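Reviewing the structure listed below.
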Amino acid sequence: MRWPGILEYFGEYLPITDKTPQITLQEGNTPLIRSYHLAKRCGVGSLYFKFEGMNPTGSFKDRGMVVAVAKAKEAGQNIVMCASTGNTSASAAAYAKRAGMQCVVLVPEGKIALGKLSQALMHGARVLALEGNFDQALSIVREITSRYPVALVNSINPHRIEGQKTASFEIEEWLGDIPDYLALPVGNAGNITAYWKGFKELISRGKTRKLPKMLGFQAQGACPLVLGKPVENPQTVATAIRIGNPASWKGAIAARDESGGLIEAVSDEEILSAQRLLAEEEGIFVEPASAASLAGVLKKQREGFFRGHETVVCVLTGHGLKDPDIAIKQCNDRIERVKPSLEEIVALLNLEGEK
Ligand SMILES: *Cc1c(COP(=O)(O)O)cnc(C)c1O
């Protein structure tokens, strides 16, 4: 089957009409990869990775962006704008061009991963580097888009949430069931809100009678939902979740409480260690923020949280190639320098049993 993308495949569940332009980069339909190695370490029955890094621009943002941009185009807008820690800007820039629109992104200066910045620039967005953080960028974008004919495509735009909820539909369809737990990183909290909305819609459509418990994980230095109050100066190596005052605060708390789940914090060390585990043991390369879901599940395992029979899905939100700097920093010392000498390389590799 040719996968058509979110608007066409899930059209009946989205707020689109005959007049909505059918934009697509064939986003969605991302792999649900069964864990070979880490399920046991997590102490659960089965573990799956929903690898959202396989979307066209390398993060789950594409699911919501295609809907938000199509609706902006339908409404006759010519410019889309967002504040971004990186992935939203990459996605907005790509889909704006797909729709023949202009894109302006406001990013915190020096705090955006190289891969993401290169995408926004290559897609021809106006990139404004703000001397400030994400929360300040978002408040400026909200003000501008409320006063001028510019469409806001951050996740406070409800069309973003509508598009992102389709990941829940895919999990139900590919798994043939609802997992016991869904673990995911939480930054601005649009995604946890969207997943929860998607699962609840499956119930109201009679597709299932079960709901997962939602396990949200924030970075220790940027965990306002855990502290119960905004964080003035959020800090974490996981730049995609470096957010001190989540726009979808209420949605995240509702997802946690209605599902009987939790939102907790994981340290940067735990995040980077989970990132390496995924790469080394499962062959899946994600950016640091994405590894917060696995880091959280491993932490809950150490606390004796799981019984051993559960089905857990970890959402891996973005691709590892987004942030090559942090990846290289962690393993640069493993590069071995060699001379162009056959003998030297054979000796170094301890090769035996020449054919
Ligand atoms: C945007 C993003 C998040 C956070 O999602 P929210 O909807 O803001 O909670 C996590 N990981 C990656 C890779 C992201 O791009």
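Position in the sequence shown counted from 1, then plus 13, gives you our numbering. C-beta: ideal position from N, C-alpha, C; glycine also. If you're wondering where the values come from, they're calculated on a predicted model, not measured in any experiment.
Just to confirm, does Thr-330 get its C-beta within under 7 Å of one of the non-hydrogen atoms of ligand 1?
yes
Could you tell me which residues DSSP pairs with Phe-64 in its beta bridges?
Phe-64 has Leu-329 as its beta-bridge partners, per DSSP.
Kindly give me the distance between the Cβ atoms of Leu-197 and Gly-229, rounded to whole angstroms, as I take these residues to be in contact under 8 Å.
6 Å
Please go through the same chain and pick out, in chain order, the residues whose beta-carbon is closer than 7 Å to the beta-carbon of Pro-44, but skip the five residues on each side of it.
Phe-64 and Met-67
Rounded distance between the beta-carbons of Gly-71 and Leu-334, thought under 8 Å
That pair is a contact at about 7 Å.
Here's the rule: buried if 16 or more other CB atoms are within 10 angstroms of the residue's CB, otherwise exposed. What is Pro-237?
buried
Would you grab the beta carbon distance between Ala-164 and Thr-158 for me? Rounded to a whole angstrom, and I think it's under 8 Å.
7 Å
Nearest-angstrom Cβ-Cβ length linking Val-199 and Ala-265, presumed shorter than 8 Å:
That pair is a contact at about 6 Å.
Within the same chain, show all residues whose beta-carbon is closer than 6 Å to that of Ile-19, passing over the 5 residues directly before and after it, in chain order.
Glu-40, Gly-41, Arg-76, Val-79, Gly-176 and Thr-179
Can you find the residues in the same chain that come closer than 7 Å, C-beta to C-beta, to Gln-115, ignoring five residues on each side of it along the sequence?
Closer than 7 Å at the Cβ level, and outside the excluded window around Gln-115, lie Asn-91, Ile-92 and Ala-109.
Under 8 Å between the Cβ atoms of Phe-212 and Ser-181?
yes
Would you check whether ligand 1 has a heavy atom nearer than 7 Å to the C-beta of Ile-169?
no
Can you tell me which of the three DSSP states Gly-229 falls into?
strand
From Leu-188, Tyr-26 and Pro-162, pick the residue whose C-alpha is nearest to that of Val-325; which is it?
Distance from the Cα of Val-325 is smallest, within the candidate group Leu-188, Tyr-26 and Pro-162, for Leu-188.
Within the continuous alpha helix (DSSP H) that includes Cys-55, where are the two ends?
51-55
Is Asn-345 near ligand 1 - that is, is its Cβ less than 7 Å away from at least one heavy atom of it?
no
Residues of its chain near Pro-69, where Cβ-Cβ distance is below 8 Å and the 5 sequence neighbours each way are ignored
Taken in chain order, the residues that qualify are Leu-38, Gln-39, Glu-40, Asp-75 and Ala-107.
Secondary structure of Leu-130, DSSP reduced to three states:
Helix at Leu-130.
Can you name the residues that DSSP bridges to Ile-4?
Residue 4 lies beyond the residue range present for the chain, which begins at 14 and ends at 368; the question has no answer from this structure.
Are the stretch 333-350 and the stretch 296-308 touching, with three or more C-beta to C-beta distances below 8 Å?
yes
Under three-state DSSP, which class holds Ala-271?
The sequence given here places Glu at residue 271; Ala does not occur at that position. Reduced to three states, the DSSP call for Glu-271 is helix.
For Tyr-49, count the other beta carbons within 10 Å of its own beta carbon; 16 or more makes it buried, fewer makes it exposed. Which is it?
exposed
Quick check: what's the CA-CA separation for Gly-137 versus His-332?
21 Å
Measuring alpha carbon to alpha carbon, tell me which of Pro-259, Phe-73 and Lys-223 ends up nearest Pro-243.
The shortest C-alpha to C-alpha distance from Pro-243 to any of Pro-259, Phe-73 and Lys-223 is the one to Pro-259.
Out of Ile-153, Ile-174 and Asp-270, state which residue places its alpha-carbon closest to the alpha-carbon of Phe-73.
The residue with the shortest Cα to Cα distance from Phe-73 is Ile-174.
Sheet register partners of Leu-141 (DSSP bridge)
Leu-119
Verify the contact flag: Val-310, CB atom, against every heavy atom of ligand 1, threshold strictly below 7 Å.
no
Separation of Ile-341 from Ala-207, as counted between CA atoms
Rounded to whole angstroms, Ala-207 and Ile-341 show a C-alpha spacing of 33 Å.
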